[in-house]
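2 protein chains.
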Amino acid sequence: MAVHVLAVLAYKDGDRVTSAFLAGSINTHPVIVRRLLLALQRAKLVETSKGAGAGSRLNCSPSRINLAQVYRAVEDSEAFATPSRKPNAACPVGNCILETMERIFASAQQALEKDLEKTTLANVLDIIKASCLCEKKR
Amino acid sequence: MAVHVLAVLAYKDGDRVTSAFLAGSINTHPVIVRRLLLALQRAKLVETSKGAGAGSRLNCSPSRINLAQVYRAVEDSEAFATPSRKPNAACPVGNCILETMERIFASAQQALEKDLEKTTLANVLDIIKASCLCEKKR
DNA sequence: ACAAATGTAATCGTTACTGTTACTTAATTG
DNA sequence: CAATTAAGTAACAGTAACGATTACATTTGT
Numbered sequence: 071m072a073v074h075v076l077a078v079l080a081y082k083d084g085d086r087v088t089s090a091f092l093a094g095s096i097n098t099h100p101v102i103v104r105r106l107l108l109a110l111q112r113a114k115l116v117e118t119s120k121g122a123g124a125g126s127r128l129n130c131s132p133s134r135i136n137l138a139q140v141y142r143a144v145e146d147s148e149a150f151a152t153p154s155r156k157p158n159a160a161c162p163v164g165n166c167i168l169e170t171m172e173r174i175f176a177s178a179q180q181a182l183e184k185d186l187e188k189t190t191l192a193n194v195l196d197i198i199k200a201s202c203l204c205e206k207k208r
Numbered sequence: 071m072a073v074h075v076l077a078v079l080a081y082k083d084g085d086r087v088t089s090a091f092l093a094g095s096i097n098t099h100p101v102i103v104r105r106l107l108l109a110l111q112r113a114k115l116v117e118t119s120k121g122a123g124a125g126s127r128l129n130c131s132p133s134r135i136n137l138a139q140v141y142r143a144v145e146d147s148e149a150f151a152t153p154s155r156k157p158n159a160a161c162p163v164g165n166c167i168l169e170t171m172e173r174i175f176a177s178a179q180q181a182l183e184k185d186l187e188k189t190t191l192a193n194v195l196d197i198i199k200a201s202c203l204c205e206k207k208r
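So the protein sequences, as listed, match chains W and V. The first sequence begins at 71 in my numbering and counts up by one. The second sequence begins at 71 in my numbering and counts up by one.
This is the structure in structure tokens:
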């Protein structure tokens with residue numbers, strides 16, 4: 071949904087867009103969009119104004135926003151988590167499985183984000199615009 | 071928890087281990103372990119017998135089991151999912167964001183699993199045994 | 001036959017997230 | 001300056017996923 075928000079903002083190229091409009095495209099509630107926008111603001115990816123005629127717009131060029139940034143802006147927990155209960159430290163495996171897994175998870179997390187980094191919002195826009203042309207030709 | 075299970079089985083090297091024992095090391099309930107074992111059986115990573123003196127053991131050498139296999143055996147949904155409600159097809163972005171994101175998610179998923187592939191259960195065991203040596207030296 | 005262990009279903013509690021309502025706050029416009 | 005517009009925010013309901021637990025059936029070895 072965060073990428074969807076940013077894609078619409080990029081599509082609207084600098085115009086301010088309201089949370090209600092974004093919610094209409096995503097098919098969700100404006101409050102959900104506003105919560106997303108708050109996270110995207112913190113990450114300085116969008117800029118939002120209040121009051122009449124207000125709304126949000128991108129804070130930088132779509133080519134300078136990659137999906138790893140979006141992921142980090144919006145996602146506050148990592149892809150993997152260890153169980154809430156601590157393993158039995160009296161067992162040789164239980165004693166060190168946690169830190170072992172954390173290293174493995176950190177590596178996988180990095181690989182995931184590295185892959186997301188490869189795609190920019192501009193790339194996403196290009197795909198969408200290409201699809202639109204296809205639609206029109208029919 | 072699945073890696074923990076397999077690590078204990080590898081540590082016990084061929085001996086049959088009960089779900090109660092595994093649960094004791096993980097600090098969870100035997101039924102949770104049995105559910106994991108069912109998934110690991112389906113993936114042919116472990117072999118389980120029923121009845122008195124029964125239990126589970128690895129079905130292949132720890133060096134031939136990598137963590138991507140474990141992940142796929144145990145995890146039935148992917149790391150990313152699209153929202154349950156479909157976007158507004160009347161919006162140019164809403165119309166094609168879904169398939170665009172699915173491509174991006176598939177790539178990230180592959181990157182994640184590729185990274186997990188790099189670590190085998192034997193690697194995990196090595197780390198654990200090395201940690202144990204450290205403990206003993208103190 | 002008995003005991004040990006898995007397979008399995010039903011249920012509860014917790015957590016996280018989306019959705020919704022309601023209200024406050026801020027900014028623009030007539 | 002008042003009215004309107006839109007974001008910020010809190011509170012709460014609904015849903016889904018997962019772990020934990022209990023209970024019971026099933027299988028197997030002694």
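Built from N, CA and C at the ideal position, the CB exists for glycine as well.
Can you name the residues of chain W whose CB is closer than 9 Å to the CB of residue i?
i: serine 177 (chain V); result: Asp185, Leu186, Lys188, Thr189
i: serine 201 (chain V); result: Pro162, Asn165, Cys166, Glu169, Thr170
i: alanine 90 (chain V); result: Ordered by position in chain W, no residue passes the 9 Å Cβ test against alanine 90 (chain V), which lies about 12 Å from the chain.
i: leucine 107 (chain V); result: Those do not exist, as leucine 107 (chain V) stays about 16 Å from chain W at its closest Cβ, beyond 9 Å.
With a threshold of 16 other CB atoms inside 10 Å of the CB of residue i, please say whether the residue is buried or exposed.
i: histidine 74 (chain W); result: buried
i: glutamate 187 (chain V); result: exposed
i: aspartate 185 (chain V); result: buried
i: leucine 203 (chain V); result: exposed
i: glutamate 183 (chain W); result: buried
i: alanine 200 (chain V); result: exposed
i: cysteine 164 (chain W); result: First, the amino acid is wrong: residue 164 (chain W) is glycine here, not cysteine. Buried.
i: alanine 151 (chain V); result: exposed
i: alanine 159 (chain W); result: exposed
i: aspartate 90 (chain V); result: Note that residue 90 (chain V) corresponds to alanine in the displayed sequence, not to aspartate. The residue in question, alanine 90 (chain V), is exposed, as its Cβ has fewer than 16 Cβ neighbours within 10 Å.
Assuming residue i and residue j make a contact with CB atoms under 8 Å, what is their CB distance in whole Å?
i: threonine 88 (chain W); j: glycine 125 (chain W); result: 4 Å
i: isoleucine 198 (chain V); j: cysteine 166 (chain W); result: 5 Å
i: leucine 212 (chain V); j: valine 116 (chain V); result: Given a span of 71 to 208 for chain V in the structure shown, any question on residue 212 (chain V) remains unanswerable.
i: leucine 76 (chain V); j: leucine 128 (chain V); result: 7 Å
i: threonine 98 (chain V); j: isoleucine 135 (chain V); result: No, threonine 98 (chain V) and isoleucine 135 (chain V) are not in contact; Cβ-Cβ is about 21 Å, not under 8 Å.
Alpha carbons only, please: which of the options is nearest the one belonging to residue i?
i: phenylalanine 175 (chain V); options: W:Ala90, W:Ala149, W:Ser95, W:Phe91; result: W:Ala149
i: serine 133 (chain W); options: W:Glu205, W:Asn193, W:Val116; result: W:Asn193
i: isoleucine 96 (chain V); options: W:Asp85, W:Arg112, W:Lys156; result: W:Lys156
i: proline 100 (chain V); options: V:Arg112, V:Tyr81, V:Thr189, V:Met71; result: V:Met71
i: alanine 138 (chain V); options: V:Ala93, V:Gln180, V:Cys130, V:Arg86; result: V:Gln180
i: serine 218 (chain V); options: V:Arg104, V:Tyr141, V:Leu168, V:Ala143; result: No answer is possible for residue 218 (chain V): the residues shown for chain V start at 71 and end at 208.
i: valine 140 (chain W); options: W:Tyr81, W:Asp85, W:Leu107, W:Ser119; result: W:Leu107
i: alanine 113 (chain W); options: W:Ala80, W:Cys130, W:Leu92, W:Thr98; result: W:Cys130
i: serine 119 (chain W); options: W:Arg86, W:Leu92, W:Val103, W:Phe91; result: W:Arg86
i: glutamate 145 (chain V); options: V:Leu110, V:Leu191, V:Gly123, V:Met171; result: V:Leu110
i: alanine 143 (chain W); options: W:Arg105, W:Ala93, W:Met171; result: W:Arg105
Listing by chain order, which chain W residues have their CB less than 8 Å from the CB of residue i?
i: serine 95 (chain V); result: Pro157, Asn158, Cys161, Val163, Gly164
i: leucine 110 (chain V); result: Ordered by position in chain W, no residue passes the 8 Å Cβ test against leucine 110 (chain V), which lies about 16 Å from the chain.
i: alanine 181 (chain V); result: Ala181, Leu182, Lys184, Asp185
Could you name the residues of chain W that residue i contacts, counting a contact when the two beta carbons are closer than 7 Å?
i: histidine 74 (chain V); result: Pro157, Val163, Ile167
i: alanine 122 (chain V); result: By Cβ distance, chain W contributes nothing, its closest Cβ being about 24 Å from alanine 122 (chain V), past 7 Å.
Run through chain V and tell me which residues come within less than 8 Å of residue i, C-beta to C-beta.
i: threonine 98 (chain W); result: Pro153, Arg155
i: valine 101 (chain W); result: Under the 8 Å cutoff, chain V gives no residues; its nearest Cβ is about 15 Å from valine 101 (chain W).
Which residues in chain V sit within 7 Å of residue i, going by Cβ to Cβ distance?
i: glutamate 194 (chain W); result: Checking the sequence, you will find valine at residue 194 (chain W) rather than glutamate. Going along chain V in sequence order, the residues near valine 194 (chain W) (Cβ under 7 Å) are Thr170.
i: valine 78 (chain W); result: Val163
Identify the contact partners of residue i in chain V, using a Cβ-Cβ distance below 9 Å as the criterion.
i: valine 87 (chain W); result: Here the premise fails: no neighbours, minimum Cβ distance about 11 Å.
Using a Cβ-Cβ cut-off of less than 7 Å, list which residues of the stretch 148–163 of chain W approach chain V; keep chain order.
-> Ala149, Pro153, Arg155, Lys156, Pro157, Asn158, Cys161, Pro162, Val163
Mind checking the stretch 128–147 of chain V against chain W and listing, in chain order, the residues whose C-beta falls within less than 7 Å of any C-beta there?
-> Leu137
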